[in-house]
Amino acid sequence: MNNAVAGFSKLSKKEKVNWIAETYFSTPDEALKIIGNYWNSDDKLQQLHDEFIENTITNLYIPLGVAPNFLINGKYKTIPMAIEESSVVAAASKSAKYWATRGGFKATVIDTQKIGQVHFTFNGDGQKLQSFFDQIKPLFFSNTQSITKNMQQRGGGILDIQLKDKRNLLEHYFQLHATFETKDSMGANFINSCLEQFASTLKEEFQNCDAFDENEHLNVIMSILSNYVPNCIVRAEVSCPVEDLSEKDIANPQDFAERFVQAVQIAEVEPFRAVTHNKGIMNGVDAVILATGNDFRAVEAGVHAYAAKNGQYASLSHAKIENGIFTFWLEIPLALGTVGGLTSLHPLVKLCLEILEKPSAEELMQIVAVAGLAQNFAALRSLTTTGIQEGHMKMHLNNIINQFEATEDERHSIKTHFKKNVISHSAVVEFIENLRK
1 MNNAVAGFSK LSKKEKVNWI AETYFSTPDE ALKIIGNYWN SDDKLQQLHD
51 EFIENTITNL YIPLGVAPNF LINGKYKTIP MAIEESSVVA AASKSAKYWA
101 TRGGFKATVI DTQKIGQVHF TFNGDGQKLQ SFFDQIKPLF FSNTQSITKN
151 MQQRGGGILD IQLKDKRNLL EHYFQLHATF ETKDSMGANF INSCLEQFAS
201 TLKEEFQNCD AFDENEHLNV IMSILSNYVP NCIVRAEVSC PVEDLSEKDI
251 ANPQDFAERF VQAVQIAEVE PFRAVTHNKG IMNGVDAVIL ATGNDFRAVE
301 AGVHAYAAKN GQYASLSHAK IENGIFTFWL EIPLALGTVG GLTSLHPLVK
351 LCLEILEKPS AEELMQIVAV AGLAQNFAAL RSLTTTGIQE GHMKMHLNNI
401 INQFEATEDE RHSIKTHFKK NVISHSAVVE FIENLRK
């Protein structure tokens with residue numbers, strides 16, 4: 001294809017699909033069959049999915065699994081996880097079972113403040129602007145009453161608004177820095193609506209203010225929430241006496257605890273290790289966020305900014321041994337919701353929230369943080385004992401078998417062989433080729 005397509009968004013779904021098949025595939029009928037196979041047979045349900053985004057042609061399935069036996073703050077939870085990567089759900093389940101007999105997970109929401117900003121430039125006296133802001137500040141609250149009324153009834157709303165002078169970073173740059181409480185909603189639309197009204201009030205009041213001369217100008221650049229929420233923090237942790245860490249692959253619990261702590265310390269000081277370390281945490285976090293209809297891209301961006309808050313990218317989790325007690329914990333920023341958006345639209349999202357017993361936003365924050373800590377514990381346990389590949393490749397074996405469309409007899413032979421032999425992609429491929437000769 002060497003030419004742009006005109007009016008694509010105005011085409012019907014069938015026309016879009018046909019265009020894709022005929023433009024990009026040498027066998028259009030096969031492409032149409034694959035696309036159609038993933039449509040839901042329930043037309044109403046398929047239309048719901050079609051309208052989630054634009055230019056929908058079909059559905060991309062991601063497996064939805066569950067990890068049971070999570071003892072969180074004294075109560076058992078079964079956690080739904082949507083993810084395509086082998087071994088993640090198994091690892092989370094293994095950690096849940098392990099810690100359920102050692103006191104379980106403790107989780108605490110430290111704070112729930114979210115942030116939004118109006119970014120603008122002003123080329124005049126900063127002190128004069130501050131006095132002007134102090135004078136009109138009550139208007140930002142009164143002019144948004146129609147927006148904040150329902151949120152205030154639920155115990156949320158605008159917490160504070162500050163004028164911030166950022167001219168040390170960028171010429172003439174200022175911002176209105178606002179903090180919000182959005183209770184059980186993620187709050188993006190609420191926050192952005194408030195911010196746009198702030199901007200309107202700011203511009204209108206500036207134009208009507210006699211304190212500024214004709215050479216002083218204020219220009220609003222944009223109004224937008226921030227996905228960096230360092231004041232919306234949840235902590236998850238596990239702890240037990242070192243001797244209680246003993247298990248079949250942990251013969252020497254003291255040695256295991258020390259190696260585990262050292263592994264975490266490496267991720268605290270070495271960015272190359274920290275990125276992979278934190279990716280493992282996000283395997284658990286993202287899977288639950290996706291299953292509950294929340295925005296994992298926003299969470300990823302905010303979490304990784306938080307990991308670099310001290311000037312160098314570092315581990316999100318920490319571990320220590322004190323007075324014979326092993327403690328492993330993490331603190332991460334999470335802006336989540338259990339009402340609004342996909343949480344009230346997507347049937348499987350609603351199902352997942354039912355499995356979690358209809359949590360509040362704060363309860364969901366705790367569950368998500370625990371899933372991340374459990375995933376991290378499973379990875380570090382493997383790394384400091386048997387190695388990461390043994391368990392992962394056992395889970396990945398099915399993917400390789402499916403790639404070669406093995407028969408039931410071949411599948412049995414392959415799995416029997418690799419119960420006692422090292423699994424690698426090349427070793428499996430070679431075994432299958434020899435099996436078929």
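Take the sequence shown: its position 377, counting from 1, is numbered 377 in full-length UniProt numbering, and each next residue is one higher. Backbone N, C-alpha and C define an ideal beta-carbon position, used for all residues, glycine too. Because the structure is a prediction, the values reported are computed rather than measured.
Starting from residue i, follow the alpha helix (DSSP H) in both directions and report where the run begins and ends.
{"i": "Gly-126", "result": "126 to 142"}
{"i": "Gly-116", "result": "No alpha helix (DSSP H) holds Gly-116; the beta strand (DSSP E) holding it covers 114 to 122."}
{"i": "Leu-364", "result": "361 to 383"}
{"i": "Ile-332", "result": "Looking at the DSSP string, Ile-332 is not in any alpha helix (DSSP H); the run it does join, the beta strand (DSSP E), is 325 to 333."}
{"i": "Lys-279", "result": "271 to 291"}
{"i": "Glu-410", "result": "408 to 417"}
{"i": "Ala-298", "result": "296 to 307"}
{"i": "Cys-352", "result": "347 to 355"}
{"i": "Tyr-313", "result": "From DSSP, Tyr-313 is part of no alpha helix (DSSP H); its letter is neither H nor E."}
{"i": "Leu-336", "result": "Run containing Leu-336: none; DSSP gives neither H nor E here."}
What does DSSP give as the partner residues of residue i in its beta bridges?
{"i": "Leu-64", "result": "Ala-82"}
{"i": "Gln-162", "result": "His-177"}
{"i": "Lys-33", "result": "DSSP output for Lys-33 lists no bridge partner at all."}
{"i": "Tyr-76", "result": "Leu-71"}
{"i": "Asn-107", "result": "The amino acid at residue 107 is misidentified as Asn; the sequence shows Ala. According to DSSP, Ala-107 bridges with Ala-236."}
{"i": "Val-422", "result": "Note: Val-422 sits in no beta bridge, so no partner."}
{"i": "Val-89", "result": "The partner list for Val-89 (beta bridge, DSSP) is empty, contrary to what the question assumes."}
Please name the residue in the options whose C-alpha comes closest to that of residue i.
{"i": "Phe-140", "options": "Leu-159, Ile-233, Lys-183", "result": "Leu-159"}
{"i": "Ala-361", "options": "Arg-167, Asp-134, Asn-402, Ile-289", "result": "Ile-289"}
{"i": "Pro-138", "options": "Thr-201, Glu-216, Ala-287", "result": "Thr-201"}
{"i": "Glu-15", "options": "Asn-55, Gln-46, Ile-34, Phe-25", "result": "Asn-55"}
{"i": "Ile-161", "options": "Ala-6, Ala-188, Ile-401, Gln-130", "result": "Gln-130"}
{"i": "Phe-174", "options": "Met-222, Val-428, Pro-230", "result": "Met-222"}
{"i": "Ile-72", "options": "Val-422, Asn-421, Ile-110, Met-365", "result": "Met-365"}
{"i": "Val-220", "options": "Val-118, Glu-363, Trp-99, Ala-291", "result": "Val-118"}
{"i": "Lys-97", "options": "Ile-400, Gln-375, Glu-430, His-412", "result": "Gln-375"}
{"i": "Phe-404", "options": "Leu-383, Ser-426, Ile-432, Ala-378", "result": "Ile-432"}
{"i": "residue 483", "options": "Phe-52, Thr-27, Val-66", "result": "The structure shown does not extend to residue 483, since the chain is modelled only from 1 to 437, so the question has no answer here."}
{"i": "residue 442", "options": "Trp-99, Cys-209, Arg-235, His-217", "result": "Given a span of 1 to 437 for the chain in the structure shown, any question on residue 442 remains unanswerable."}
{"i": "Arg-167", "options": "His-417, Phe-120, Ile-423, Pro-63", "result": "Phe-120"}
{"i": "Ile-233", "options": "Ile-57, Ile-367, Asn-402, Gln-153", "result": "Ile-367"}
Tell me whether residue i sits in a helix, a strand or coil according to DSSP, three-state version.
{"i": "Thr-56", "result": "coil"}
{"i": "Tyr-24", "result": "helix"}
{"i": "Met-186", "result": "coil"}
{"i": "Gly-157", "result": "strand"}
{"i": "Val-261", "result": "helix"}
{"i": "Glu-247", "result": "strand"}
{"i": "Val-428", "result": "helix"}
{"i": "Val-5", "result": "coil"}
What residue range is occupied by the uninterrupted beta strand (DSSP E) comprising residue i?
{"i": "Cys-240", "result": "233 to 241"}
{"i": "Val-220", "result": "218 to 226"}
{"i": "Ser-317", "result": "317 to 322"}
What whole-angstrom Cβ distance do residue i and residue j have, given they're in contact under 8 angstroms?
{"i": "Ser-317", "j": "Ile-281", "result": "6 angstroms"}
{"i": "Gly-116", "j": "Ile-191", "result": "4 angstroms"}
{"i": "Ala-335", "j": "Gly-302", "result": "7 angstroms"}
{"i": "Ala-178", "j": "Leu-195", "result": "7 angstroms"}
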